[in-house]
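Residue numbers (the numbering used here), protein chains in the order written: chain A, 1 to 134; chain B, 1 to 134; chain C, 1 to 134; chain D, 1 to 134. The beta-carbon is built from N, C-alpha and C at its ideal position, and this holds for glycine as well. None of these values were measured; they are calculated from a predicted model. Below is one structure; the comments refer to it alone.
There are 4 protein chains.
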Amino acid sequence: MGFSYYRTVRLSDTDAAGVIFFPRLLSICHEAYEEALLSVRIDLKTFFRDSTSAIPIVQANISFFRPIFAGDRLLVNLEPKLLKDSEFEIVYSILLARANRECAAKAITRHVCIDPNSRTRIKLPTAIANWIEI
Amino acid sequence: MGFSYYRTVRLSDTDAAGVIFFPRLLSICHEAYEEALLSVRIDLKTFFRDSTSAIPIVQANISFFRPIFAGDRLLVNLEPKLLKDSEFEIVYSILLARANRECAAKAITRHVCIDPNSRTRIKLPTAIANWIEI
Amino acid sequence: MGFSYYRTVRLSDTDAAGVIFFPRLLSICHEAYEEALLSVRIDLKTFFRDSTSAIPIVQANISFFRPIFAGDRLLVNLEPKLLKDSEFEIVYSILLARANRECAAKAITRHVCIDPNSRTRIKLPTAIANWIEI
Amino acid sequence: MGFSYYRTVRLSDTDAAGVIFFPRLLSICHEAYEEALLSVRIDLKTFFRDSTSAIPIVQANISFFRPIFAGDRLLVNLEPKLLKDSEFEIVYSILLARANRECAAKAITRHVCIDPNSRTRIKLPTAIANWIEI
Numbered sequence: 001m002g003f004s005y006y007r008t009v010r011l012s013d014t015d016a017a018g019v020i021f022f023p024r025l026l027s028i029c030h031e032a033y034e035e036a037l038l039s040v041r042i043d044l045k046t047f048f049r050d051s052t053s054a055i056p057i058v059q060a061n062i063s064f065f066r067p068i069f070a071g072d073r074l075l076v077n078l079e080p081k082l083l084k085d086s087e088f089e090i091v092y093s094i095l096l097a098r099a100n101r102e103c104a105a106k107a108i109t110r111h112v113c114i115d116p117n118s119r120t121r122i123k124l125p126t127a128i129a130n131w132i133e134i
Numbered sequence: 001m002g003f004s005y006y007r008t009v010r011l012s013d014t015d016a017a018g019v020i021f022f023p024r025l026l027s028i029c030h031e032a033y034e035e036a037l038l039s040v041r042i043d044l045k046t047f048f049r050d051s052t053s054a055i056p057i058v059q060a061n062i063s064f065f066r067p068i069f070a071g072d073r074l075l076v077n078l079e080p081k082l083l084k085d086s087e088f089e090i091v092y093s094i095l096l097a098r099a100n101r102e103c104a105a106k107a108i109t110r111h112v113c114i115d116p117n118s119r120t121r122i123k124l125p126t127a128i129a130n131w132i133e134i
Numbered sequence: 001m002g003f004s005y006y007r008t009v010r011l012s013d014t015d016a017a018g019v020i021f022f023p024r025l026l027s028i029c030h031e032a033y034e035e036a037l038l039s040v041r042i043d044l045k046t047f048f049r050d051s052t053s054a055i056p057i058v059q060a061n062i063s064f065f066r067p068i069f070a071g072d073r074l075l076v077n078l079e080p081k082l083l084k085d086s087e088f089e090i091v092y093s094i095l096l097a098r099a100n101r102e103c104a105a106k107a108i109t110r111h112v113c114i115d116p117n118s119r120t121r122i123k124l125p126t127a128i129a130n131w132i133e134i
Numbered sequence: 001m002g003f004s005y006y007r008t009v010r011l012s013d014t015d016a017a018g019v020i021f022f023p024r025l026l027s028i029c030h031e032a033y034e035e036a037l038l039s040v041r042i043d044l045k046t047f048f049r050d051s052t053s054a055i056p057i058v059q060a061n062i063s064f065f066r067p068i069f070a071g072d073r074l075l076v077n078l079e080p081k082l083l084k085d086s087e088f089e090i091v092y093s094i095l096l097a098r099a100n101r102e103c104a105a106k107a108i109t110r111h112v113c114i115d116p117n118s119r120t121r122i123k124l125p126t127a128i129a130n131w132i133e134i
């Protein structure tokens, strides 16, 4: 059903060129993903340190349509989509509050569930599959 | 009078040792400072690119009392204090929501106002002096 | 002709899941780009603060093939390619020294030259066009 | 006996104010510490994930004497000092290559060895104690 995350751009997100440093916006997208997991009561501390399954991001891409500055208020809309029983992707739209919510950027991350020891694919944990299917 | 800032610790704030990467907490303190400036209508985009005055941080220190993990909810209480007409410091208390607001860390930053060209001290801009004196 | 950049993965590049935090590898790719510019005597301080032209990254993508850990030694091979007189892309191969230089990741960034005031496309500065054409 | 680490300042180390974002210099100091550990053959991947001992930084401070820009070449000189059998500190001098190695900043980090489960102090691992005593 999607999830919305509000985030003010911080000085530490920018660089000397005066706008957001581009990988930082992928980091902000990941924050939105974490906030979505917290909203369905997934404990991040154990989730990211789980010894039985890990869900690394295997691909990411991002496109920028407008400059983003320190102090800008962003709205990140996130939409997860199941691709296989071991894989999902998330589509992010990053809207600028100051510009009538015009789209400033779009991003996608693709996530694959693996056994952290053998590094072979396994099924997504139920909590994650449920979150995607909501 | 102080200012309060709530912040969830993100995966990107942590490192492979499993807890917050220590300079990241100073970065979170700076976010609290930025939020305090936004709360008195200071425009960050122009503030940090001002060609007539700059207010670099000349000193910072931080002490940790408890481990901080991804997903932890922090409350940063901030107290600015005027030291000279060109200088102020900010004291930060970082409290852990999950541990009855016990103090997880304390930090101080010291800020000096300079002419960015000559790099000599000048008086703090009125907007900043007013914010400190509130 | 390409350019090579060696980089040790730092603790600050990783997160609590124990491997590199994915946007950090795009940041390392950008370091390789900066080092390539330094190698042809482009002054980064003025380059990134130029008031007559800016070259923002408008698109980036990255794919991961192997986990990357703190202490890993990476070799980033970079290949720039002119797309238009206002646009170029860079392809990055990230090789793992410890695994016989097997490819750990691939990335692409796309860069467009604009007038920072009007935000319309302009020709790439000669120094950059020359670097791409080498 | 000390250790020296050379580091070029990257765009990602700076912010929209045009100079280094202050916590990033502590991060660079930590890189120098990691490089010193690598130089005595300490494996960082296992070191930072050790389940029998952890050595968190409990205090850090930094003072800035000169502005640091993207592209600047830094020399970080590091001096570790044993304080107790469970504790040491590291003093860092950050010199600017472009300014005849004038000191741009100084920093100190204090490290305490603990049992990660009980979080009580334990003796430093031999490899670390040996590195400090060299």
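Where A/A54 meets chain C, residues with beta-carbon distance less than 7 angstroms | A17
Contact between the segment 108-122 of chain C and the segment 65-73 of chain C: three or more CB pairs below 8 angstroms?
-> As far as the Cβ criterion goes, the segment 108-122 of chain C does not touch the segment 65-73 of chain C, which means the pair count is below three.
Could you tell me the boundaries of the alpha helix (DSSP H) in which A/P80 lies?
-> No alpha helix (DSSP H) contains A/P80, which is instead part of the beta strand (DSSP E) from R73 to K84.
List the residues of chain D that A/L96 touches, going by C-beta distances under 8 angstroms, in chain order.
-> By Cβ distance, chain D contributes nothing, its closest Cβ being about 17 angstroms from A/L96, past 8 angstroms.
Under 8 angstroms (Cβ pairs) to chain A, residues found in the segment 112-133 of chain B = none
Residues in the segment 14-48 of chain B with C-beta within 8 angstroms of chain C's C-beta atoms, listed in sequence order?
-> For the segment 14-48 of chain B, which is checked against every Cβ of chain C, the residues closer than 8 angstroms are T14, D15, A16, A17, G18, V19, F21 and P23.
Under the three-state DSSP convention, the category B/F88 falls into = strand
Report yes if the C-beta distance between D/A105 and D/F64 is below 8 angstroms; otherwise report no.
-> Between D/A105 and D/F64, the C-beta gap is smaller than 8 angstroms, which places the two residues in contact.
CB-CB length for D/I62 against B/A127, believed under 8 angstroms | Between B/A127 and D/I62 the Cβ distance is about 27 angstroms, and since that is not below 8 angstroms, they are no contact.
Are the segment 40-57 of chain D and the segment 7-18 of chain D touching by the rule of at least three beta carbon pairs closer than 8 angstroms?
-> No, they do not touch.
For A/L75, return the contacting residues in chain D, with the cut-off set at a CB-CB distance below 9 angstroms.
-> Simply none; closest approach about 21 angstroms.
Paired residues, beta bridge with D/S63 - DSSP = B/Q59 and D/K106
The alpha helix (DSSP H) enclosing D/S39, as first and last residue numbers | F22 to S39
Using 10 angstroms around the beta-carbon of D/I134, count the other beta-carbons present and answer buried if the total reaches 16, otherwise exposed.
-> D/I134 should be labelled exposed.
Apart from the five residues just before and just after B/R101, which ones in its own chain have a Cβ nearer than 8 angstroms to its Cβ?
-> So the list reads L75 and L95, once near-sequence residues are dropped.
Are the segment 81-88 of chain B and the segment 29-37 of chain B touching, with three or more C-beta to C-beta distances below 8 angstroms?
-> With a cut-off of 8 angstroms, the segment 29-37 of chain B and the segment 81-88 of chain B do not count as touching, because too few Cβ pairs lie within range.
Please classify D/R98: does DSSP put it in a helix, a strand, or coil?
-> helix
Taking C/R98 as the reference, give the member of D/A36, D/L124, D/K45 and D/R121 with the closest Cα.
-> Selected option, being the one with the closest Cα: D/K45.
Delimiting residues of the beta strand (DSSP E) encompassing D/T126 | The continuous stretches of beta strand (DSSP E) do not include D/T126, which lies in the alpha helix (DSSP H) extending over residues T126 to E133.
DSSP-derived helix/strand/coil call for D/F69 = In this structure, DSSP gives D/F69 a state outside helix and strand, which the three-state scheme calls coil.
Could you tell me which chain B residues have their CB closer than 8 angstroms to the CB of D/S86, listed as they occur along the chain?
-> What D/S86 touches in chain B: nothing, since even the nearest Cβ is about 15 angstroms away.
Kindly indicate which three-state DSSP category A/F3 falls into: helix, strand or coil?
-> strand
Any C-beta of chain A sitting closer than 8 angstroms to the C-beta of C/S63?
-> So yes, C/S63 belongs to the interface.
Rounded separation between A/L25 and B/S39 - CA only = 24 angstroms
Reference B/I108, options B/E79, B/F21, B/R119 and B/G2, closest by Cα = B/E79
In angstroms with no decimal places, state the Cα-to-Cα distance between B/T120 and C/G2.
-> 44 angstroms
Could you give the residue range of the alpha helix (DSSP H) that holds C/S47?
-> In the sequence as displayed, the identity of residue 47 of chain C is Phe instead of Ser. Run containing C/F47: L44 to F47, per the alpha helix (DSSP H) assignment.
Are the beta-carbon atoms belonging to D/P23 and B/S27 less than 8 angstroms from one another?
-> yes
Does any CB atom of chain D fall closer than 8 angstroms to the CB of A/A70?
-> yes
Chain-order list of residues whose beta-carbon lies under 6 angstroms from that of D/I57 (same chain, five-residue window excluded) = T109 and H111
Contacting residues, own chain, Cβ-Cβ under 8 angstroms from C/V19 (five flanking each side not counted) = P67, I68 and F69
For C/S4, is the classification buried or exposed, using 16 other Cβ atoms within 10 angstroms of its Cβ as the cut-off for buried?
-> exposed
DSSP on A/S51, reduced to helix/strand/coil?
-> coil
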